[in-house]
Amino acid sequence: MTAEYIADFGMDTISLAGPLAAKLRAIKEAGFSQVMFAARDLVGHPDGWHAAVEEVKASGLRVTGFQVLRDFEGLSGHLHDYKVDIARSMIEMCAALRSPILLACSSTSRHATDDEALIARDLRKLAMMALPHGIKVAYEGLSWGRHINDCVGAWRVVERADAPNLGIGVDSFHSFATRTPTEALQDVDPEKIYLVQLADFMWQEIRTVEERIETARHFRVFPGEGVHSEELRRLVIELDALGYRGDYSFEVFNDDYTQMPLPVVAERARRSAAWLAEDVLHRAVPLPGGSRLRSAPRP
Amino acid sequence: MSSLDREAVIEASNPLGIEGIEFIEYTTPRPQALGQVLESIGFRPIARHRSREVMLYRQGGMNIVVNAHGVSPAADGETPQIAAIALRVRDAGSAQARVVEQGGWPVPVKVQPMELHIPGVHGAGASRIYFIDRWREFSIYDVDFIPVPTVDPVVPAVAGLHWFGVVQYVGADRSADWCAFYGSLFGFVEVPADKRFGILPRGSILASPCGTFYLQLIEPDSLVVDDTGERLQRVAFGAPDVPAAVKALRARGIDFVETDTLHTEVRGALTRPQLGGVMFELVHHHE
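Line by line, the protein sequences are chains A and B. Under my numbering, the first residue of the first sequence carries the number 1, and numbering increases by one thereafter. Under my numbering, the first residue of the second sequence carries the number 1001, and numbering increases by one thereafter.
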C-alpha cells in the first residue's frame, strides 16, 4: 500500500540489513513508493548486478537515485583516468537501474587539487559522461571533504562547471555537522537541487572530523528521532519555500538498524515521513494524485 | 589582426576541425529492402565490405553505409536504424581523444586484419559518432570495401540532393542537455529560434562548426506517449528546388506526406515512412 502524501519521501537501502529483495519488500510494505540505491546493492547480488536490476524493476518502486561516486574531482594523470573508469562503471549501473540521479560526493583525497577551476572542469566532464544516459549528477559537499565541505562550496563549483545536468545534493547531516546556516540555500537555484537527503543524529555537537565520520557512518537516525528536529523542520520548510520539488531520501546509516527486523526499521522511516508530511509541511490530508510529484525527465 | 590570429579564432570555434559528413550508417536486418528504398531515392550501391555484410551507397557527395552485420530482427527490430554519423575531421585520433577528454565514451575497436580502425564515441541511444580524416587524399572505402563491378562510383545526385542534417529525438526536457553535449564536445552552435528550415521546424537546431550541416533536437509531444527512447530519427537532404526534387523523386516511386497540416512546400517536404519508419526530409537549401 503506497501512501500518496509521502510519495516524495523515500528510504535508502543502506538503512536495512539483508538481501535486496527483502529490503525492497519492507520498504514497499511500509508505504514508500521510492528507494535510493547504493552500488553494492547491485554488485553484491548473488546472481549478479543485472539480476539485481530486474528485481528492482519487478518491485515497482521508483528509483530515487544511485550512490555514490567518491573522490572523482581534482585528480590528475593516472589517478584521474582510474576514476573515469570507476565513474563509467557507476554510470552504466545507474543507467541500467533507470536511476535519474547519480550522487557524487566531494573529494576527501589528499591527492586532489584545491583549484576550483579544475574541480569544476572535472565535474563538467562527469556531467557530460552521464548525459547521454539521461542521468543528472548531484554533487554533494561531504562535511569532511578536503576542499569542498558544504553545500555553499558545492554550489559554487557546480555553478562554475555550468552543465545542464549538474546540480547539488543536500544532506542535512553534513549541513548540521558543519553548522551551515539554512539561509545558505537561498543563493541556490532550486531547480539545481537534485536531491535532498535527510537524517538526524543523537548528540548536539560534533567536535572533530573523526567524530563526524564516525557519527555519519554509524549513528544517524531518521528525521524526528534525534536532537535536531527543529533544524530539520526549518531546513525542509526552507527548501519547500525555495521551490524545491524533488525527492527527500532518508540517508540513515545506523548500526542498530541493520540489526533489527526490516519491517521495524521501515516503520520507523514511515513515521518519520509522516512527521515531515503532516507536522512539518502540514499536509494534513493526503494530497490528491500526489501533486507534489514532478515526473522525472527520462530519455 | 594578422592572418594567424584569424586562424586561431577558427580553431577555437571548430576544435575538431569538422568539415561535414563523410557517411551516415544504417543498421538493418533487411539490407536489401533498405537498399531498394535508397536506390529509389537516388543512391546506388557502389561497394561491398570485405569481411562483413555491409554495403556502401552513394549519391552525389553523400555516402550511406548499410550494415546488416550481426543485426537480428529479434534483438534489433525490423525497422532500419540510423546507427552512426561519421564526421570528416582534421585528425581522427586527436578528435576522439579530445572528445573523450571532455566526457565522451569511446567506442571499443573491433576490426579485422588490414581493416581501418575508425575511432568514434557513443552518441544518442545506441548511435555512434565516428571520426574520419582520410577523405582528401584517398578514400576509406578503398581499404575496407570492394567496388561493385560495372558500377560507376561517381553517382550524380537527383535534383542536387546533398546532406542537410540529422534529426534526433530526445527525451522530455532534454534539449538543453544535448545542446551542451554537441556544443562542448563537438563545437556545434544553437541557431536562433527565429531561424528555421523545412516544414518540420519544431525543437532546437544546432549548426555544425563548419556550417555545412545541422542537427535538430525534437522532444516528445506532451500528448503522445513515445517510449522508444532517444535516437537519430531521420536524415534530411538539402535541395535547391524542393518542388523539382519532389517531382523527380515521385517519378522514381517515392511517396510524400500530403496532409492539411504537413505537405510539400517550397520550404521542404517529408517522404512517407517505409519499412516501419524510415523517412527522409527535404529542406530548401543550396550546397
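From the three backbone atoms N, C-alpha and C, an ideal C-beta is built for every residue, glycine too.
Asked: 9 Å Cβ cutoff met for Arg212 (chain A) and Ser143 (chain A); Found: yes
Asked: Limits of the beta strand (DSSP E) - the one that Met11 (chain A) falls within; Found: 9-12
Asked: Interface flag, Gln1112 (chain B) vs chain A, CB-CB below 9 Å; Found: no
Asked: As assigned by DSSP and simplified to three states, the class of Ala296 (chain A); Found: In this prediction, Ala296 (chain A) scores a pLDDT of 43, lower than 50, which makes its location untrustworthy; no coordinate-derived value is stated.
Asked: Own chain, CB closer than 7 Å to Arg1048 (chain B), minus 5 neighbours either side, in chain order; Found: Met1055, Phe1145, Ile1146, Val1148
Asked: Gln67 (chain A) - containing beta strand (DSSP E), residue span; Found: 62-70
Asked: With 16 other Cβ atoms within 10 Å as the buried cut-off, status of Glu230 (chain A); Found: exposed
Asked: Rounded straight-line distance, which links the Cα of Val1170 (chain B) to that of Val1246 (chain B); Found: 28 Å
Asked: Under the three-state DSSP convention, the category Arg207 (chain A) falls into; Found: coil
Asked: Neighbour-count burial assignment, Asp247 (chain A), 16 or more Cβ in a 10 Å radius; Found: buried
Asked: For Ser109 (chain A), the nearest candidate out of A:His80, A:Ala130, A:Leu126 (CA to CA); Found: A:His80
Asked: Ranges of the alpha helix (DSSP H) found wholly within the stretch 218-262 of chain A, counting only runs of at least 4; Found: 229-242
Asked: Where Lys1110 (chain B) falls: helix, strand or coil (DSSP); Found: coil
Asked: Spatial neighbours of Trp275 (chain A) in its chain, beta-carbon cut-off 6 Å, leaving aside the 5 residues before and after; Found: Gly224
Asked: Cβ-based burial, Val158 (chain A) [other Cβ within 10 Å; buried from 16]; Found: buried
Asked: DSSP state of Cys151 (chain A) mapped onto helix, strand, coil; Found: helix
Asked: Buried versus exposed call for Thr1150 (chain B) [16 or more other C-beta atoms within 10 Å across all chains shown]; Found: exposed
Asked: Residue burial classification, Trp1105 (chain B) (beta-carbon count within 10 angstroms, cutoff 16); Found: buried
Asked: Check whether Arg1231 (chain B) and Val1278 (chain B) have beta carbons under 9 Å apart; Found: no
Asked: Contact set for Leu1034 (chain B): own chain, Cβ-Cβ below 8 Å, skip 5 residues either direction; Found: Tyr1026, Thr1028, Val1066, Pro1080, Leu1275, Val1278
Asked: When B:Leu1217, B:Glu1287, B:Gln1032 are compared against Glu1078 (chain B), the one with the closest alpha-carbon; Found: B:Gln1032
Asked: Contiguous alpha helix (DSSP H) assignments of at least 4 residues, all confined to the stretch 72-99 of chain A; Found: 77-96
Asked: Same chain, Cβ closer than 6 Å to Ile1205 (chain B), neighbours up to 5 away in sequence not counted; Found: Val1191, Tyr1214, Gln1216
Asked: Interface flag, Pro132 (chain A) vs chain B, CB-CB below 9 Å; Found: yes
Asked: Ile1132 (chain B) - partner residues in DSSP beta bridges; Found: B:Arg1088
Asked: Of the residues B:Arg1030, B:Ile1132, B:Leu1038, B:Val1121, the one placed nearest Ala1074 (chain B), counting alpha carbons only; Found: B:Arg1030
Asked: For Thr1271 (chain B): DSSP bridge partner residues; Found: B:Phe1256
Asked: Alpha-carbon to alpha-carbon, Ile101 (chain A) and Ala296 (chain A); Found: Bear in mind that the predicted position of Ala296 (chain A) carries a pLDDT of just 43, short of 50, making it unreliable; the figure below should be weighed with that in mind. One C-alpha to the other measures close to 10 Å.
Asked: Alpha-carbon spacing of Ala300 (chain A) relative to His45 (chain A), whole angstroms; Found: Here chain A has residues from 1 to 299 only, and residue 300 (chain A) is not among them.
Asked: Within-9 Å CB hit, Gly1249 (chain B) to chain A; Found: In the sequence as displayed, the identity of residue 1249 (chain B) is Leu instead of Gly. No, because no Cβ of chain A sits closer than 9 Å to the Cβ of Leu1249 (chain B).
Asked: Distance, Pro190 (chain A) Cα to Leu242 (chain A) Cα; Found: 6 Å
Asked: Chain D within 9 Å of Gly1165 (chain B), Cβ atoms only; Found: Of the protein chains in this structure, namely A and B, none is chain D.
Asked: Distance, Glu1053 (chain B) Cα to Gly1070 (chain B) Cα; Found: 8 Å
Asked: Tyr194 (chain A) - containing beta strand (DSSP E), residue span; Found: 193-198
Asked: Where Asp171 (chain A) falls: helix, strand or coil (DSSP); Found: strand
Asked: Contact with chain B by Arg207 (chain A), beta-carbon distance below 9 Å; Found: no
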